Amino acid sequence: MEATVVRTGTEGKTWGGGSKSPLKASYGKMMMWYFITSDALTFSAFLAAYGFSRFKFIDSWPIADEVFNHFPFMHGVDAPMYYVALMTFILIFSSVTMVLAVDAGHQLKKGKVTLYMFLTIIGGAIFVGSQAWEWKNFIKGEYGAVETAGGNIIQFVDREGERVALADVAKVLPEERVEHERKNGLWYVTDENTLTTYSIDEVREGFAESDYLVRTQKLDEKGAKTILSREESLSVINNDAVGVVEGANLTHNEYGPPLFADFFFFITGFHGFHVFTGVIINIIIFFNVIIGTYERRKSYEMVEKVGLYWHFVDLVWVFVFTFFYLV
Amino acid sequence: MAHDASTHEHQSATKRIWVVFAILSIITIVEVILGIIKPASLVETTLISMSLLNWIFIILTIVKAYYITWAFMHMEHETKGLRRSVVWTVIFLIAYLVFILLTEGDYIYEVYKNGHVAWDF
Chain B
178 MEATVVRTGT EGKTWGGGSK SPLKASYGKM MMWYFITSDA LTFSAFLAAY
228 GFSRFKFIDS WPIADEVFNH FPFMHGVDAP MYYVALMTFI LIFSSVTMVL
278 AVDAGHQLKK GKVTLYMFLT IIGGAIFVGS QAWEWKNFIK GEYGAVETAG
328 GNIIQFVDRE GERVALADVA KVLPEERVEH ERKNGLWYVT DENTLTTYSI
378 DEVREGFAES DYLVRTQKLD EKGAKTILSR EESLSVINND AVGVVEGANL
428 THNEYGPPLF ADFFFFITGF HGFHVFTGVI INIIIFFNVI IGTYERRKSY
478 EMVEKVGLYW HFVDLVWVFV FTFFYLV
Chain D
757 MAHDASTHEH QSATKRIWVV FAILSIITIV EVILGIIKPA SLVETTLISM
807 SLLNWIFIIL TIVKAYYITW AFMHMEHETK GLRRSVVWTV IFLIAYLVFI
857 LLTEGDYIYE VYKNGHVAWD F
């Protein structure tokens with residue numbers, strides 16, 4: 178009669194075909210490990226592609242400390258690294274609370290698991306919010322820049338080498354600028370962006386009257402951006418400059434090569450998406466803990482499995498932190 | 757007796773978590789401090805086409821990754837087979853991919869720099 182019993186092949190924690198599980202891990206846990214393996218390869222492919230582009234533009238890549246230097250409530254203060262260090266700590270700490278939840282689960286302490294899961298979810302939510310703020314600053318930009326016909330970005334500095342914003346360079350001219358839209362006939366224009374605060378003519382005019390210099394993306398031996406002489410600056414602005422760039426998007430980027438912004442959006446975005454899904458999955462498991470699903474099962478292994486995913490998200494961030502902010 | 761043994765084990769597991777947290781925090785703080793001051797001697801010393809400072813960052817990152825995987829993800833308690841099938845696969849493929857792509861990126865940089873085709877108009 179036993180032959181008629183329907184079996185799914187994955188009863189309980191064992192695999193179909195016997196009570197011995199391969200590698201002494203339950204089906205779910207082992208498959209979570211292999212999912213993490215494949216996801217790790219996806220992330221490393223992104224980071225390796227980032228490294229490829231960076232080596233391609235090794236002598237003109239943006240300096241991370243200059244790009245990411247904001248801190249909440251400290252407007253205009255140059256604070257490189259601090260904010261991202263804070264984000265890193267938040268994520269590492271939420272990893273700690275997660276592993277504490279797993280540990281409490283091993284001892285079947287429902288109250289402790291609930292508390293630690295809750296703290297983990299809060300930590301993850303704060304991290305996603307911080308990342309959104311980082312994106313906002315990156316997209317908005319700070320000083321603005323000018324793009325040359327060859328697609329290079331040039332920025333303005335004063336005689337001391339301090340960055341100068343477009344607003345200080347440009348001279349407001351009595352000109353009328355109209356944004357080209359399909360409805361006024363220019364349907365074939367595809368890369369027309371929204372109007373920048375200042376036109377390239379206003380920047381040119383203002384620059385000619387000022388005493389500022391131009392800074393190119395080229396890095397010198399000491400890793401600083403090259404500053405041109407006044408004559409060279411004027412020649413670049415008058416002959417090569419074609420457009421004004423404020424902030425960053427997928428095609429223009431005031432910090433340097435557009436590829437830098439593309440990789441930033443793509444890699445931190447993909448990581449942020451992982452954090453977001455991690456928070457959602459944690460919330461589901463959190464409610465399962467509260468209603469006592471795992472208490473009845475006498476096993477908190479689900480907490481352990483989502484814990485693996487959550488630690489993996491932290492692990493990826495460790496690498497993103499290094500390659501985007503430190504190296 | 758059995759109960760005593762399990763509470764003792766539990767205490768050591770919690771202790772291990774906090775020790776690892778301390779290690780990860782210290783490494784991160786060191787990284788941030790080095791990233792802010794960027795000591796000139798480390799930036800200017802080059803080892804295998806990268807500055808010594810960058811090598812330090814990458815090695816510290818791998819140390820952090822080791823602690824997260826081994827302690828937080830409990831890799832140290834898994835069987836040798838599972839550990840190797842995950843870790844060796846990932847390390848081999850990543851090392852291979854990174855080597856290929858970085859070599860190619862450096863080659864394209866040389867072409868842009870020394871080649872006879874103008875690309876900056």
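Those protein sequences? They're chains B and D, same order as listed. Yeah, the first sequence ends on 504 if you go by the numbering used here, and it's all consecutive. Yeah, the second sequence ends on 877 if you go by the numbering used here, and it's all consecutive. Glycine included, every Cβ here is placed at the ideal spot set by N, Cα and C. In this text the structure is predicted, and so the values were computed from the model without any measurement.
- Taking the Cα positions, I773 of chain D is about 15 Å away from W487 of chain B.
- G306 of chain B sits in a helix when the DSSP states are folded into three classes.
- A residue is called buried when at least 16 other Cβ atoms come within 10 angstroms of its Cβ; Q394 of chain B meets this threshold and is buried.
- Between T802 of chain D and chain B, the shortest Cβ-Cβ separation is not below 8 Å.
- Contact between M208 of chain B and L200 of chain B fails: their C-beta atoms lie close to 11 Å from each other, not under 8 Å.
- N459 of chain B is outside the set of residues whose beta carbon lies under 8 Å from a beta carbon in chain D.
- Buried is the label assigned to H247 of chain B, since at least 16 other Cβ atoms lie within 10 Å of its Cβ.
- Taking all protein chains shown into account, L492 of chain B has 16 or more neighbouring C-beta atoms within 10 Å of its C-beta and is therefore buried.
- Taken in chain order, the members of the stretch 226-252 of chain B whose beta-carbon sits within less than 9 Å of a beta-carbon on chain D are A226, G228, F229, S230, R231, F232, K233, F234, I235, D236, A241, D242.
- Cβ contact annotation for L780 of chain D (same chain, cutoff 7 Å, sequence separation greater than five): K820, Y823, in chain order.
- Put simply, the backbone Cα of A309 of chain B is about 11 Å away from that of F442 of chain B.
- With contacts defined as CB atoms closer than 8 Å, S387 of chain B and E352 of chain B fail to qualify as a contacting pair.
- Using a C-beta cut-off of 8 Å, the stretch 457-465 of chain B makes no contact with the stretch 411-430 of chain B, since fewer than three inter-stretch Cβ pairs fall below that distance.
- Against chain B, the CB of N810 of chain D has a partner CB under 8 Å away; the residue lies at that interface.
- Nearest to T214 of chain B by alpha-carbon distance, out of D:A874, D:I864, D:T845, is D:T845.
- For I330 of chain B, the enclosing beta strand (DSSP E) starts and ends at 330-334.
- Between V290 of chain B and V480 of chain B a beta carbon distance of about 6 Å is seen, short of the 8 Å cut, so the two are scored as contacting.
- By a beta-carbon distance limit of 8 Å, T374 of chain B does not contact L350 of chain B. Their separation comes to about 13 Å.
- Taking C-beta atoms as the reference points, S237 of chain B and G433 of chain B count as a pair closer than 8 Å.
- For a Cβ distance threshold of 7 Å, residue set L200 of chain B lies close to G837 of chain D, ordered along the chain.
- Within 10 angstroms of the beta-carbon of W210 of chain B lie 16 or more other beta-carbons, which makes it buried.
- A straight line joining the alpha-carbon of I240 of chain B with that of A281 of chain B spans about 44 Å.
- For K771 of chain D, the closest Cβ of chain B is not nearer than 8 Å.
- C-alpha of A302 of chain B to C-alpha of V495 of chain B: approximately 18 Å in a straight line.
- Listed in chain order, the non-local C-beta contacts of S805 of chain D below 8 Å within the same chain comprise D862, local neighbours out to five positions each way being set aside.
- Residue state for R340 of chain B is assigned as strand, using DSSP reduced to three classes.
- Under the Cβ distance rule, G791 of chain D counts among the residues neighbouring chain B, one pair being separated by less than 8 Å.
- Inter-residue distance for F266 of chain B and A385 of chain B is about 47 Å (C-alpha atoms, whole angstroms).
- In this chain, T825 of chain D is not harboured by any alpha helix (DSSP H), its DSSP state being neither H nor E.
- In the structure shown, Q284 of chain B adopts coil according to DSSP, grouped into three states.
- In the structure shown, the three-state DSSP call for E832 of chain D is helix.
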